[in-house]
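See below for the structure under consideration.
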Amino acid sequence: MAEAAFGAAPALASVPALEIAGLYKHYGASHAVDGLDIVIPQGELHALLGPNGAGKTTTLRIVAGLLRADTGRVSVLGHDVATEPTEAKRVLAFLPDDALVYGKLDAVEYLEFVAGLWGIDASVAATRAEELLRWLELWPKARERAETYSRGMRQKLALAGALIHEPQVLILDEPLTGLDAAAARQVKDLLIERVRAGGTVILTTHILEMAERLAERISLIRAGRIVAQGSLDELRAQAAAGGGAGRGGGSTLEDVFLHLTAAPPAA
Amino acid sequence: MTALRPGSAGWLLRHELRLAWRKLGFRSSRPWLIAGASLWLAYHLAPYGVLSVGNSVATAATPGASASEHAGAIGVMVGAALWAMFTLMVSHAITYSVDALFERGDLDLLLASPLEPRHVFLARGLGVAVSSVTLYALLLLPFAHVGLVTGHARLMAIYPALAALALLAAAGGLALTLLLVRVLGVRRARTVAQLLGAFVGAGFFLVMQAGNLFGDATLSRWWQAVRSAAESESSWWLARIVRLPFDAMRGEPAALAALLTLGLGAFAGTVAFTARRFHLGTQESTAAARPSKPRADRGPAPRSLRFRSGLALIVLTKEWRLIARDPQIVAQTLLQVLYLVPLVFVWGRQGDIGEVLVPAIVLAATALASGLSWITVAAEDAPELVAAAPVDGGRVRRLKLLAALLPVWLLVAPAGVFLAATRPLAALVLGGCVLGATISAGLIHINVSRPGDRRQMNRRGKGNKLGAVLEMATSLTWSAFAWGLVVWPRYAAIAGVAALAAPMVALRIGRMRRREAAAA
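Right, dumping it as structure tokens:
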């Protein structure tokens, strides 16, 4: 009964946060996503790690409903993005690497707009906006237009916009680009916090250190498909078993990464 | 192909002119160049007509021959027209300088290179001069060529005189740009340049139409006034200055020397000044870097926030905020309306005001609606944010359209009320046609327009020829329909059918595109 009041019932814990099966997307002759499968359970901090042009961003844009896949099935908390786009989008926040903010709106107006798009109750959103702005240290500048913000501040504002509707699944594309050390630390803490509270965070990165430190599980993407998946230890083992890992067994993720992405995808 | 040494001022100027040429968007393929050149050759007939038939102009153009009683007055009038042309050149020079000095962003690259900074700014300045004079050179140089053939060889002085005017305009444009950017910021400086150009242009048009406006009696009285002023002792100096470009162009040595000295001196001085300003770093290179002052009425941060709710209110508020905070967009859209003012004046004298007012307002409203709906629909700053939101995309687009059209309807409303009092039928036509035309314009942008950057509003047609054609067709056919309904109601149906064509095509294209997107 209480659930009915919120419209969408909270997803059962057994439903995966993100499920992708047989995803293909090509631009002209090049296959950006080439038969990608992945299942990410709820409550996980998952990193998609891969070299430039591996298909990470394309995949995430399909998940966010910004791109249409050629074939394949994508569902977010059980909602198919092709057939139930509104339900899928409601539980999802997508944060591209280039912050989506309006230069001519101030931070408060921006959050009001985003909250309105996600249909968040105005008074709830106002309270949450203040919390977020204070926490991200944007509050003193909350009434200045975003065109006067530095790149890092715009990133933080976009992040506040993503969090204002309390998404159950948070997707970030290269989240730390342009942030200074303090802000990067804040974002990292925030992501860990959200996962602890039961949320799911999926991020792409080419910063190996970030994936290594943060993510519980890592998927290595190469040429539009997943070539390896697991915790760092599992990946290490996989690389070692895969055949005499280049330089002395490969102990860091960097070695694993270079080894696994350099080899042609297995099968 | 070239003997220009890389890094020299000439080499830089070539780079500069190539950029200017590409910015114009012309294709430099051979057939286009040949077509343009033949058109220009054909245009030589016009000065031929003026010089061989217009006897008094020809006498005025020959120094020393003051046989014609009108010569003095003609000199003053032509001189004034040339100064008006000069003002247009300055307005163009400002627009070009804003781009070349502040927006193009290659100045840092050039100044960081081991080139002589003086050469960099010299080339920039010459680029400003060449680009602002090109159009007028095409218009005026044929007079020099025809003069050579018809025995007025001294008209060849048009060449150096135009060059001097161009240098003077470049100097004025550069100096005004530095000043305007400093005071107003980059984008507003550009708007001021456009406004200057528009006002001079509109004023010029009105003067040309003075006969229609004021009647021949008033006009001949003016003519007498100009004549006596041109010949009187007291205003001799003023007349000299007004006549200066004309005298220089007809080869009067003193005038030409004066104009050349003025142009070269001003140009050299301004270029040196500009270079020093940039070298010392006293000129800010971007206005955006300057933080806007937090407005006092709101305070730095409020004690508690109050948000609006409801998708419609949210979208309308956001679009209106963005439009209102962009003085550039407001100015550009209103400019289009400004161009219509002289038309209304001219036609209005000849006929019934209702016949003119109704189609003119329909035309203006369509232009406004077109610009604003392009801004709200196509120039969304964060399209992916909106696309990722759990709302119906079609509903958001319709709301954005409403945000664009409501202000236009509000602007037109007073005219409707005014007409309703005197000519209810015309008011009815006005209301119907404004609604139809503005909604059609909006439908075109929803269905055909490509996403763009709002700063590119005036160039929105460039990437999308189809949209530009449909836009123009809508504004023309709907105002023709409105005019038909007021003047010849019997035949108006034809225009009415035409008026519906553009939105129908747009809808069809939109449906096709959506089907393709769904299939992909």
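Listed in order, the protein sequences are those of chains A and B.
So that you can map any letter, position 147 of the first sequence is 147 in the numbering used here, and since no number is skipped, the others follow by simple counting.
Quick note, the numbering used here runs 267 ahead of the 1-based positions in the second sequence.
Every residue, glycine too, gets a C-beta built ideally from N, C-alpha and C.
Gly-392(B) is classed as buried because its beta carbon has at least 16 other beta carbons within 10 Å across all chains shown.
Chain A has no Cβ within less than 9 Å of the Cβ of Asp-373(B). For Leu-429(B), the uninterrupted alpha helix (DSSP H) segment begins and ends at 425 to 451.
Taking 8 Å as the cut-off between beta carbons, the residues of the segment 752 to 784 of chain B near chain A are Ala-784, in sequence order. Ranked by how close their Cα comes to the Cα of Ala-535(B), the residues Arg-782(B), Leu-422(B), His-386(B), Leu-677(B) have His-386(B) in first place. Interface criterion met: the Cβ of Ala-93(A) is under 9 Å from a Cβ in chain B. Taking C-beta atoms under 8 Å as the contact rule, Leu-45(A) and Glu-174(A) fail to qualify, at a distance of about 16 Å. The beta carbons of Thr-705(B) and Ala-632(B) sit about 6 Å from each other, so the pair counts as a contact at 8 Å. Using beta-carbon distances, Leu-572(B) counts as an interface residue toward chain A, with a partner under 9 Å. The beta carbons of Val-63(A) and Leu-77(A) sit about 12 Å from each other, so the pair does not count as a contact at 8 Å. Just so you know, the alpha carbons of Val-395(B) and Val-736(B) end up roughly 31 Å apart. Residue pairing of Lys-25(A) in beta bridges, as defined by DSSP: Val-33(A). For the pair Leu-463(B) and Ile-361(B), the Cα-to-Cα distance works out to about 10 Å.
Listed by position along chain A, the residues whose Cβ is nearer than 7 Å to that of Ala-646(B) form an empty set, because the closest Cβ is around 11 Å away. With 16 or more other Cβ atoms inside 10 Å of its own Cβ, Lys-89(A) counts as buried. Rounded to whole angstroms, the separation of the alpha carbons of His-259(A) and Ile-164(A) is 40 Å. When DSSP states are grouped into helix, strand and coil, Gln-42(A) belongs to the coil group. Taking Pro-770(B) as the centre and dropping the five residues before and after it, the same chain places the C-beta of Ser-707, Leu-710 closer than 6 Å to its C-beta, in chain order.
Counting every other CB atom within 10 Å of its CB across the protein chains shown gives Gly-161(A) a total of 16 or more, marking it as buried.
Among the residues of the segment 111 to 123 of chain A, those with a Cβ less than 9 Å away from any Cβ of chain B are Leu-111, Glu-112, Phe-113, Val-114, Ala-115, Gly-116, Leu-117, Trp-118, Gly-119, Ile-120, Asp-121, Ala-122, Ser-123, in the order of the chain. Annotation: Trp-676(B) to Glu-651(B) spans about 30 Å, alpha carbon to alpha carbon.
The beta carbons of Val-169(A) and Ala-122(A) sit no closer together than 9 Å. Contact fails between the segment 348 to 367 of chain B and the segment 522 to 538 of chain B, because fewer than three Cβ pairs, one in each stretch, are under 8 Å apart. Chain B places a beta carbon closer than 9 Å to that of Thr-127(A), counting this residue as a contact. What Leu-589(B) touches in chain A, judged by beta-carbon distance under 8 Å, is Tyr-102, Lys-104, Leu-105, going in chain order. Closest by C-alpha distance to Ala-404(B), out of Leu-308(B), Leu-429(B), Ser-576(B), Arg-664(B), is Leu-429(B).
By the rule that beta-carbons nearer than 9 Å mark a contact, Val-108(A) touches chain B. The residues Cys-700, Ala-759, Ala-762, Gly-763, Ala-766, in chain order, have a CB closer than 7 Å to that of Phe-748(B) in the same chain once the five nearest residues on each side in sequence are set aside. A check of alpha carbon separations from Ala-591(B) across Glu-622(B), Ala-671(B), Ser-742(B) identifies Ala-671(B) as the nearest. For Ala-228(A), the enclosing beta strand (DSSP E) begins and ends at 225 to 230. For the segment 50 to 65 of chain A, the beta-carbon criterion of a distance under 7 Å to any beta-carbon of chain B is satisfied by Ala-64, Gly-65. Sequence-distant Cβ neighbours of Asp-180(A) in its own chain, meaning closer than 7 Å and more than five residues away, are Gly-152. For Pro-51(A), the closest C-alpha among the options Leu-232(A), Ile-207(A), Arg-236(A), Ala-69(A) is that of Ile-207(A).
Counting only the Cα atoms, Ala-645(B) lies some 27 Å from Lys-56(A). Membership of Gly-78(A) in any beta strand (DSSP E) is not indicated, and neither H nor E is assigned to it by DSSP. For the 9 Å CB-CB criterion, Thr-148(A) and Asp-97(A) do not form a contact.
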